[in-house]
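Just below is one structure, and these are the notes that go with it.
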């Protein structure tokens, strides 16, 4: 029997993750192939017959896209971030916007710990040394790094991910400070300048918005210690990429751990060539259980709206 609704999922996922939604809506899952994510021009082509979109913050729900969305009732991000959603435009058109907070907090914090261990213990360099068959002999101390318990981390943005990171870092014996524009009732708060001046690692854990775009600029980087390592798992545009590349190439800072980039999937050649940078393709939150739970939550938000109810994780209010 033909179903009354049509839902588009813009990335490749197992169909069983959206089984409940499939009971009331036709579900079209992008099959992948040469493009892991559904191309925008293809989405625009099928959008007039679409009631719901589930995506991983890759689809920019802007005015141009929404002009083709005559039936659209909800855009559900399977992610905590929602900088891809024009909330004002969606609300004006009576379209729900949702995200899925909570599922990626621990995996992202865990990734940051892994990145810090990789650089502080020189694991990447040591692995390349063995792979290149150079392990004949080496001078004593060549691979001696530093233990995390000897080091400090400054967390910029004490939200859910920042809180998880603080707990994990303390478990490794690290000294933890944090800065947030809304001071929390958590020990360890300091002003931003002091945090930047004194931390071995500086982790950026803020959402992307007009006030945080390019907040990590030349002035910000000038305040870091020369042996500091910058970590960004939030959004690429929070960091002014050219300023960071300049700081890394000149030795102004020691290194960086980067999971996000301003124009993904493009990563500048200068960044890819630097050995003092640990780079990954936006996978910090990527555990199978977290991704499955997030997709199921996004699908449930769609299920609620198509069933005539309010979604559980709405970012706007539709009357």
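Residue numbers (my numbering): 426 to 744. Note that the Cβ used here is the ideal one computed from N, Cα and C, for glycine as well. These figures come from a predicted structure and were not determined experimentally.
What residue range does the alpha helix (DSSP H) around residue 451 cover? For this step, residue 451 is matched to residue 26 along the chain shown. Residue range 450–454 is occupied by the beta strand (DSSP E) that includes residue 451, with no alpha helix (DSSP H) assigned at that position.
Are there 16 or more other CB atoms within 10 angstroms of the CB of residue 686, so buried, or fewer, so exposed? Stepping through the chain shown from its first residue, residue 686 is reached at position 261. Answer is buried; the Cβ neighbour count reaches 16.
According to DSSP, which residues form a beta bridge with residue 603? Start at 1 with the first residue of the chain shown, and residue 603 comes out as number 178. DSSP, once it has assigned bridges, lists 580, 614 as partnering residue 603.
Straight-line gap, residue 653 to residue 578 (C-alpha atoms, nearest Å): Within the chain shown, residue 653 is the residue found at index 228, counting from 1. Within the chain shown, residue 578 is the residue found at index 153, counting from 1. Approximately 10 angstroms between the Cα atoms of the pair.
Could you please give me the residues that DSSP links to residue 480 through a beta bridge? Here residue 480 refers to the residue found at position 55 of the chain shown. Residue 480 pairs with 502.
How many angstroms separate the CA atom of residue 537 from the CA atom of residue 435? On the chain shown, residue 537 is found 112 positions in, with the first residue counted as 1. On the chain shown, residue 435 is found 10 positions in, with the first residue counted as 1. Distance between the alpha carbons of residue 537 and residue 435 is about 27 angstroms.
Figure out for me which residue from 729, 727, 714 has the closest Cα to the Cα of residue 528. For the purposes of this step, residue 528 is identified with residue 103 of the chain shown, where counting begins at 1. Per the Cα distances, 714.
When you compare only the Cα positions, how much space is there between residue 554 and residue 680? In the chain shown, the residue the question calls residue 554 occupies position 129. In the chain shown, the residue the question calls residue 680 occupies position 255. In a straight line, the C-alpha of residue 554 is about 19 angstroms away from that of residue 680.
Under the rule that 16 or more other beta-carbon atoms within 10 Å means buried, what is residue 450, buried or exposed? Taking the chain shown and counting its residues from 1, one reaches residue 450 at position 25. By the 10 Å Cβ count, residue 450 comes out buried.
In terms of residue numbering, what span does the beta strand (DSSP E) encompassing residue 628 cover? For the purposes of this step, residue 628 is taken as the residue at position 203 of the chain shown. Segment 626–629, the beta strand (DSSP E) holding residue 628.
Is residue 530 closer than 7 angstroms to residue 580 when the C-beta atoms are compared? Taking the chain shown and counting its residues from 1, one reaches residue 580 at position 155. Taking the chain shown and counting its residues from 1, one reaches residue 530 at position 105. Not in contact: residue 580 and residue 530 (Cβ atoms no closer than 7 angstroms).
Comparing C-alpha positions only, which one of 721, 657, 487, 452 sits nearest to residue 504? Here residue 504 refers to the residue found at position 79 of the chain shown. Checked all of 721, 657, 487, 452; the closest Cα to residue 504 is 721.
From residue 605 to residue 629, what does the alpha carbon distance come to, in whole angstroms? Numbered from 1 along the chain shown, position 180 holds the residue referred to as residue 605. Numbered from 1 along the chain shown, position 204 holds the residue referred to as residue 629. C-alpha separation (whole angstroms): 11 angstroms.
Sequence-distant residues of its chain with Cβ nearer than 8 angstroms to residue 487 (five each side left out): Translated into the one-based positions of the chain shown, residue 487 becomes position 62. Excluding sequence neighbours, residue 487 sits near 511, 514.
Leaving out five residues on either side along the sequence, give the residues of the same chain with a beta carbon under 7 angstroms from the beta carbon of residue 471. As a first step, residue 471 is located in the chain shown; it is residue number 46 there, counting from the start. Around residue 471: 433.
Roughly how many angstroms lie between the CA atoms of residue 711 and residue 532, to the nearest whole one? Against the chain shown, residue 711 aligns to sequence position 286. Against the chain shown, residue 532 aligns to sequence position 107. About 7 angstroms.
Do residue 476 and residue 430 have their beta-carbon atoms positioned less than 7 angstroms apart in this structure? Against the chain shown, residue 430 aligns to sequence position 5. Against the chain shown, residue 476 aligns to sequence position 51. In this structure, residue 476 lies closer than 7 angstroms to residue 430 by Cβ.
Residue(s) in a DSSP beta bridge with residue 641: Within the chain shown, the letter at position 216 stands for residue 641. Its beta-bridge partners are 664.
Go ahead and pull the three-state DSSP assignment for residue 805. Residue numbering for the chain in the displayed model covers 426 to 744; residue 805 lies beyond these limits and cannot be assessed.
Using only the alpha-carbon positions, how far apart do residue 479 and residue 464 sit? Mapped onto the chain shown, residue 479 falls at position 54. Mapped onto the chain shown, residue 464 falls at position 39. Each residue's Cα considered, the two are about 14 angstroms apart.
Within 10 Å of its beta-carbon, does residue 728 have 16 or more other beta-carbons around it, so buried, or fewer, so exposed? The residue labelled residue 728 in the question sits at position 303 within the chain shown. Burial call: buried.
In this structure, what does DSSP give as the bridge partners for residue 521? Residue 521 sits at position 96 when you count from the first residue of the chain shown. Beta-bridge pairing links residue 521 to 499.
Just tell me which of 683, 684, 669 has its CA closest to the CA of residue 677. The count along the chain shown starts at 1 and reaches residue 677 at position 252. Looking at the Cα atoms, 669 is the closest of the given residues.
Between residue 741 and residue 521, which are expected to be in contact by the criterion C-beta below 8 angstroms, what is the C-beta distance as a whole number of angstroms? For this step, residue 741 is matched to residue 316 along the chain shown. For this step, residue 521 is matched to residue 96 along the chain shown. About 7 angstroms separates the two Cβ atoms, so the contact holds.
Just the Cα atoms here: how many angstroms apart are residue 690 and residue 735? Mapped onto the chain shown, residue 690 falls at position 265. Mapped onto the chain shown, residue 735 falls at position 310. Spanning the two alpha carbons is a distance of roughly 34 angstroms.
Going by beta carbon distance, what residues of the same chain come within less than 7 angstroms of residue 403, once the five residues before and after it are set aside? No statement about residue 403 is possible, as the shown extent of the chain runs from 426 to 744 and does not include it.
Let me confirm a value: residue 442 is counted as buried when at least 16 other C-beta atoms fall within 10 Å, else exposed. Which label applies? As a first step, residue 442 is located in the chain shown; it is residue number 17 there, counting from the start. So residue 442 counts as buried.
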